[in-house]
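One structure is given below, encoded as structure tokens.
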Amino acid sequence: MISTIYELHHAYVVADSGTAFPVQKNLDYPTLIFPMSETVMHLNEREYHLGSGKCLFLQPAHSPLVLEPAGLEESGPIYMIAFDRYQLVEQKNTTVRYELNREQLPKDGCMIKFSRRLFGQLHELVERAMNVPAPERNTRVSSLLNDLLHQVFEHWSDAEDHYIQDMTIKQICAYMQQHVDADLNRAALARMTGFNASYFSSLFRKETGWSFGDYLNRLRLDEAKRLLFTTSNSLQDIAMRTGFSDSSYLSKTFKRHVHITPSAFRQLKQTEQIAALQFVGALLSVGLTPVLTTQEIAGSSLLLEEALQETIITNNLKMVERIKEVKPELILAPTYFYHFPDVLKEIEQVAPVIMLDWGTMDKLDEVSQVGRLFGREQQAKAWISKYNKRVLAARALLQQFILPQETVGIYELNYDQRWLIPHDKVRSAYNLYRALQLHPPKRIQTEVLDQDRPLFIAEEDLPNYAADHMFVILPESVYGEDLEGLLSRQIWRQLIIEDGCRVYPLVLNEFWMDEGVSLEKQLDVMVRLLNG
Numbered sequence: 000m001i002s003t004i005y006e007l008h009h010a011y012v013v014a015d016s017g018t019a020f021p022v023q024k025n026l027d028y029p030t031l032i033f034p035m036s037e038t039v040m041h042l043n044e045r046e047y048h049l050g051s052g053k054c055l056f057l058q059p060a061h062s063p064l065v066l067e068p069a070g071l072e073e074s075g076p077i078y079m080i081a082f083d084r085y086q087l088v089e090q091k092n093t094t095v096r097y098e099l100n101r102e103q104l105p106k107d108g109c110m111i112k113f114s115r116r117l118f119g120q121l122h123e124l125v126e127r128a129m130n131v132p133a134p135e136r137n138t139r140v141s142s143l144l145n146d147l148l149h150q151v152f153e154h155w156s157d158a159e160d161h162y163i164q165d166m167t168i169k170q171i172c173a174y175m176q177q178h179v180d181a182d183l184n185r186a187a188l189a190r191m192t193g194f195n196a197s198y199f200s201s202l203f204r205k206e207t208g209w210s211f212g213d214y215l216n217r218l219r220l221d222e223a224k225r226l227l228f229t230t231s232n233s234l235q236d237i238a239m240r241t242g243f244s245d246s247s248y249l250s251k252t253f254k255r256h257v258h259i260t261p262s263a264f265r266q267l268k269q270t271e272q273i274a275a276l277q278f279v280g281a282l283l284s285v286g287l288t289p290v291l292t293t294q295e296i297a298g299s300s301l302l303l304e305e306a307l308q309e310t311i312i313t314n315n316l317k318m319v320e321r322i323k324e325v326k327p328e329l330i331l332a333p334t335y336f337y338h339f340p341d342v343l344k345e346i347e348q349v350a351p352v353i354m355l356d357w358g359t360m361d362k363l364d365e366v367s368q369v370g371r372l373f374g375r376e377q378q379a380k381a382w383i384s385k386y387n388k389r390v391l392a393a394r395a396l397l398q399q400f401i402l403p404q405e406t407v408g409i410y411e412l413n414y415d416q417r418w419l420i421p422h423d424k425v426r427s428a429y430n431l432y433r434a435l436q437l438h439p440p441k442r443i444q445t446e447v448l449d450q451d452r453p454l455f456i457a458e459e460d461l462p463n464y465a466a467d468h469m470f471v472i473l474p475e476s477v478y479g480e481d482l483e484g485l486l487s488r489q490i491w492r493q494l495i496i497e498d499g500c501r502v503y504p505l506v507l508n509e510f511w512m513d514e515g516v517s518l519e520k521q522l523d524v525m526v527r528l529l530n531g
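At the far end of the sequence shown sits residue 531, using numbering that gives the first Met the number 0, and the numbering has no gaps.
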């Protein structure tokens with residue numbers, strides 16, 4: 000039986016590009032605001048700045064909420080959902096009773112991560128709610144609302160203040176990560192920033208959630224863990240390479256924070272009891288199936304569904320609880336978990352955590368790195384060899400379908416109706432440009448690939464970045480019924496009919512992650528579309 004259900008009061012587009020701002024709205028119920036562009040909101044003398052990728056939760060208020068664009072650019076749509084929350088209080092053989100309960104909702108003014116893969120679901124919910132009679136009693140609307148809010152509130156603890164906003168602190172954190180073996184101290188780094196030591200300390204804690212000393216220890220211990228797994232170096236040598244004064248101090252610090260000795264940690268290299276909070280496809284490529292992963296990762300890696308049949312999949316809200324139940328011997332996590340110190344400290348009470356950068360490595364290097372970590376170098380080499388053979392066969396096949404002068408691009412529909420052009424670290428752009436060696440349009444080469452970073456563009460700018468062959472990544476919920484609508488837009492009609500571009504739709508939830516086995520399966524999908 001579902002323990003929590005949500006009831007809709009209102010769902011609508013509160014503003015769009017044609018709206019006269021400022022807009023005022025009364026808040027009579029708990030409300031979520033989803034802006035698709037940079038927006039400023041004022042309520043009860045508080046000001047909130049919010050853009051796409053986040054939503055704002057607000058409790059009922061006596062004063063109206065005032066919304067206006069943050070800049071001069073054209074405003075994207077702003078969605079608003081007003082609802083109530085009910086908690087299961089009694090369950091008998093023939094009756095189930097829920098009571099109104101708002102106590103477990105996030106705090107007022109909480110900014111919550113909003114995954115772009117949910118945008119299609121949000122859009123469908125609001126469209127249906129605005130166009131059906133009595134939407135609060137409509138079965139489809141209720142199903143969409145409950146599914147959406149359960150997924151949104153999985154991330155209510157991913158509040159905006161967990162992310163580093165201050166550019167100086169971002170730079171200092173990057174510097175610390177690159178120089179863990181150096182004599183890093185608070186006073187010296189404060190001088191580098193131009194701040195006095197006291198202000199630097201308070202700003203560092205505010206931005207990272209860690210004290211300076213704890214964060215530095217974290218970086219050094221995580222590097223020590225990687226060296227324990229990937230080298231046979233002595234503990235004294237590892238201490239010198241990670242900024243500890245000697246092996247005794249490293250061992251003492253390691254035991255205090257990791258809860259086992261360095262030598263015991265080293266033995267975990269052979270474990271197969273791994274909870275994967277990222278890198279699932281890379282683990283599968285070296286013959287390791289994680290015992291647990293999250294719904295967000297599994298739901299964004301649909302091409303791996305068959306391979307994960309034996310894996311426990313948990314939602315983020317219950318992640319720590321499920322990890323405690325499963326009791327893995329090791330947890331593999333991405334370094335962006337540094338932004339969630341409370342969660343990281345809690346899962347470390349269950350099992351040691353080893354961290355890897357995500358979204359920064361060459362895709363084959365990522366598989367090699369995972370293979371090295373877990374003593375599976377040969378399996379990693381074998382998988383890379385198999386992948387490269389598939390690539391060579393695909394190149395030979397595509398010579399029949401793609402002329403040497405033709406270009407290929409990949410584009411993802413973002414929440415705010417802009418288009419993301421990915422670099423080759425994400426979204427299988429690696430397959431197109433690095434593996435298949437297909438040619439991007441000139442502007443994608445110079446503005447995205449050469450810069451090694453993604454680019455967001457407005458839809459009207461697509462002709463400037465268009466390719467002869469265009470892969471279009473769409474959220475799963477709009478993939479089918481809205482694909483025809485998307486391709487009927489004037490821009491797309493021009494690209495297809497006038498410019499002769501060929502368009503190949505892809506599903507975001509199959510292409511969100513491109514690690515290891517995911518990359519291999521995505522290669523097959525893309526080649527099949529190109530030669531079809």
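Glycine is no exception: its CB is placed at the ideal position from the N, C-alpha and C atoms.
Roughly how many angstroms separate the alpha carbons of Leu-49 and Leu-267, rounded to a whole number? 43 Å
Buried or exposed: Leu-532, going by 16 or more other Cβ atoms within 10 Å of its Cβ? Outside the shown range of the chain, which is 0 to 531, sits residue 532, and nothing can be said about it.
Quick one: using the 10 Å Cβ neighbour count with 16 as the cut-off for buried, is Thr-30 buried or exposed? buried
What number of angstroms, rounded off, separates the C-alpha of Val-279 from the C-alpha of Val-325? 17 Å
Assuming Thr-310 and Thr-334 make a contact with CB atoms under 8 Å, what is their CB distance in whole Å? Contact doesn't hold; Cβ gap of about 22 Å is too wide.
Taking Cβ to Cβ, would you say Ser-300 is nearer than 9 Å to Ser-517? yes
Which of helix, strand or coil DSSP assigns to Gly-212: helix
Contacts around Ser-2, its chain only, beta-carbon distance under 6 Å, and the 5 residues preceding and following it disregarded: Leu-87
Answer yes or no: do Met-525 and Leu-431 have a C-beta to C-beta separation smaller than 9 Å? yes
So Phe-373 and Val-285 are in contact, right, with Cβ under 8 Å, and what is the actual spacing, rounded? 7 Å
DSSP on Cys-172, reduced to helix/strand/coil? helix
Is the separation between the beta-carbon of Met-354 and that of Phe-339 shorter than 9 Å? no
Quick check on the burial criterion: 16 or more other C-beta atoms within 10 angstroms. Buried or exposed for Pro-327? buried
Is the Cβ-Cβ distance between Val-39 and Leu-66 less than 9 Å? yes
What's the gap between the Cα of Asp-523 and the Cα of Leu-391? 12 Å
contact_flag[the segment 49 to 58, the segment 103 to 114] where n(CB pairs < 8 Å) is 3 or more: yes
May I ask you to report which of helix, strand or coil DSSP gives Arg-527? helix
Reduced DSSP secondary structure (H/G/I, E/B, other) of Ala-108: Position check: residue 108 holds Gly in this sequence, whereas Ala was assumed. DSSP places Gly-108 in coil when its eight states are reduced to three.
Who are the Cβ neighbours of Ser-367 in its own chain at under 6 Å, not counting the five residues just before and after it? Ala-379
At 4 residues or longer, what runs of the alpha helix (DSSP H) sit wholly inside the segment 376 to 430? 376 to 397
I need the DSSP call for Ser-62, collapsed to helix, strand or coil. strand
Considering only DSSP beta bridges, list what Lys-326 is partnered with. None; Lys-326 has no bridge partner.
Count the other CB atoms within 10 Å of the CB of Glu-514; is the residue buried (16 or more) or exposed (fewer)? buried
Thinking just about the alpha-carbon of each residue, which of Arg-84, Tyr-78, Arg-101, Thr-138 is nearest to the one in Phe-113? Tyr-78
Per-residue burial, Ile-322 [other beta carbons within 10 Å of its own, 16 or more giving buried]: buried
Considering only residues of the same chain and omitting the five flanking positions on each side of Leu-188, which have a CB-CB separation below 8 Å? Ile-171, Tyr-174, Met-175, Phe-199, Phe-211
Helix, strand or coil at Asp-27 [DSSP, three-state]: coil
Could you pull out every residue in the same chain whose Cβ sits closer than 7 Å to the Cβ of Tyr-28, ignoring the five residues on either side in sequence? His-8, Pro-59, Ala-81, Phe-82, Asp-83
Does the pairing of the segment 489 to 498 with the segment 434 to 446 give three or more beta-carbon distances under 8 Å? no
Rounded to whole angstroms, what is the Cα-Cα separation between Glu-6 and Asn-195? 51 Å
Near Ala-69, what residues of its chain come up, given a Cβ to Cβ distance below 7 Å and the 5 sequence neighbours on each side ignored? Glu-37, Thr-38, Val-39, His-48
Just verifying my parser: in three-state terms, what is the DSSP assignment at Gln-90? strand
Limits of the unbroken alpha helix (DSSP H) element including His-122: 118 to 130
Is the beta carbon of Ile-4 closer than 9 Å to that of Asn-145? yes
Reduced DSSP secondary structure (H/G/I, E/B, other) of Asp-83: strand
Just confirm the distance between the C-beta atoms of Ala-281 and Val-425, as a whole number of angstroms; I'd bet it's less than 8 Å. Contact flag wrong, Cβ pair sits at about 14 Å.
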